[in-house]
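Undergrad:
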Amino acid sequence: DTGVSQNPRHKITKRGQNVTFRCDPISEHNRLYWYRQTLGQGPEFLTYFQNEAQLEKSRLLSDRFSAERPKGSFSTLEIQRTEQGDSAMYLCASSVGTGPSNQPQHFGDGTRLSIL
Amino acid sequence: AQRVTQPEKLLSVFKGAPVELKCNYSYSGSPELFWYVQYSRQRLQLLLRHISRESIKGFTADLNKGETSFHLKKPFAQEEDSAMYYCALSNTGGFKTIFGAGTRLFVKA
Numbered sequence: 394d395t396g397v398s399q400n401p402r403h404k405i406t407k408r409g410q411n412v413t414f415r416c417d418p419i420s421e422h423n424r425l426y427w428y429r430q431t432l433g434q435g436p437e438f439l440t441y442f443q444n445e446a447q448l449e450k451s452r453l454l455s456d457r458f459s460a461e462r463p464k465g466s467f468s469t470l471e472i473q474r475t476e477q478g479d480s481a482m483y484l485c486a487s488s489v490g491t492g493p494s495n496q497p498q499h500f501g502d503g504t505r506l507s508i509l
Numbered sequence: 006a007q008r009v010t011q012p013e014k015l016l017s018v019f020k021g022a023p024v025e026l027k028c029n030y031s032y033s034g035s036p037e038l039f040w041y042v043q044y045s046r047q048r049l050q051l052l053l054r055h056i057s058r059e060s061i062k063g064f065t066a067d068l069n070k071g072e073t074s075f076h077l078k079k080p081f082a083q084e085e086d087s088a089m090y091y092c093a094l095s096n097t098g099g100f101k102t103i104f105g106a107g108t109r110l111f112v113k114a
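Here the protein sequences come in this chain order: A and B. Just so you know, we're using the numbering used here here: the first sequence kicks off at 394 and counts up by one. Just so you know, we're using the numbering used here here: the second sequence kicks off at 6 and counts up by one.
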């Protein structure tokens, strides 16, 4: 098991373009999280999936952002009409569990987005 | 509001010296607290969680609800402890995790 896999590792795009990132969680993990991290800050929670259901969404996730997890396996995060402020590292994490227990999250290497 | 504060951006100690990385939190319920670590060129990974009450790589952390703190301690720092350390909080029953801004620990030879 290679752990959580994120693609691409780097994405450079012009302002106004749409971008999509992919996350493949650890195979038996039913929970999946997306975070954004900017320089000098810790990861900021964006959204959370339990299986295919998106259960929590941060106010940081404007209507330009959308995340999906079809069939409860991999997930995609799309940013439409990118802006300079979207430049950041986008991290994906997964964990296993049921009920209220918060199991440790396993992180991917992230996708670094640079907006020109 | 939920918040995690790590007051030190950088902490530099000599090898063999004790180290304490501070973490204070603000939360109105019963939080779960974690310490995550990121070594150079590696992924963010869990170091320890308060409910486990265990020592990992010589590090311990005690949840002090009165002072709303979860400081990370190690009696004798080693060079391989040099890394970025993040304190994190999750709300019990929910899954939103709040991270602090992180403290970079540098252990000098």
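Here a beta-carbon is modelled for each residue, glycine too, at the ideal position from N, C-alpha and C. Model, not experiment: these values are computed from the prediction.
Looking only at its chain, what residues have a beta carbon closer than 6 Å to the beta carbon of A:F414, apart from the 5 residues adjacent to it on each side?
TA: Correct list, in chain order: L470, Y483, T504.
Undergrad: Would B:A82 be called buried (16 or more neighbouring beta carbons within 10 Å of its own) or exposed?
TA: So B:A82 ends up on the buried side.
Undergrad: Of all the residues that make up the segment 418-452 of chain A, which are near chain B by a beta-carbon distance shorter than 9 Å?
TA: Answer set for the segment 418-452 of chain A: R424, Y426, Y428, Q430, G433, Q434, G435, P436, E437, F438, Y441, Q443, L448, E449, S451.
Undergrad: Report the option in A:D417, A:I508, A:Q410 whose CA atom is closest to the CA atom of A:S468.
TA: The residue with the shortest Cα to Cα distance from A:S468 is A:D417.
Undergrad: Is there a C-beta anywhere in chain A that falls below 8 Å from the one on B:T102?
TA: Yes, B:T102 counts as interfacial toward chain A.
Undergrad: Tell me which residues share the same chain as A:N411 and place their Cβ nearer than 6 Å to its Cβ, disregarding the 5 neighbours each side in the sequence.
TA: Hits under 6 Å: Q473.
Undergrad: Quick check on DSSP: helix, strand or coil for B:D86?
TA: Three-state result, B:D86: helix.
Undergrad: What is the DSSP secondary structure of A:D479, reduced to helix, strand or coil?
TA: Reduced to three states, the DSSP call for A:D479 is helix.
Undergrad: Once you ignore the five residues that flank B:S31 on each side, which residues in its own chain have a CB closer than 6 Å to its CB?
TA: Within the same chain, B:S31 has close Cβ partners R8.
Undergrad: Could you please give the first and the last residue of the uninterrupted beta strand (DSSP E) stretch that includes A:T504?
TA: 504-508 is the extent of the beta strand (DSSP E) around A:T504.
Undergrad: Taking the straight line between their C-alpha atoms, what separation do you get for B:L15 and B:F111?
TA: Straight-line Cα distance between these residues: approximately 8 Å.
Undergrad: Would you be able to state if there are at least three C-beta pairs under 8 Å between the segment 437-448 of chain A and the segment 43-55 of chain B?
TA: Because the criterion of three Cβ pairs below 8 Å is not met, the segment 43-55 of chain B and the segment 437-448 of chain A do not touch.
Undergrad: Leaving out the 5 sequence neighbours to the left and right, which residues in its chain are closer than 6 Å to A:N400 when beta-carbon positions are compared?
TA: Once the five neighbours on either side are set aside, the close Cβ partners of A:N400 are R415.
Undergrad: What are the residues in the segment 453-478 of chain A lying within 9 Å of chain B by C-beta distance?
TA: For the segment 453-478 of chain A, which is checked against every Cβ of chain B, not one residue is closer than 9 Å.
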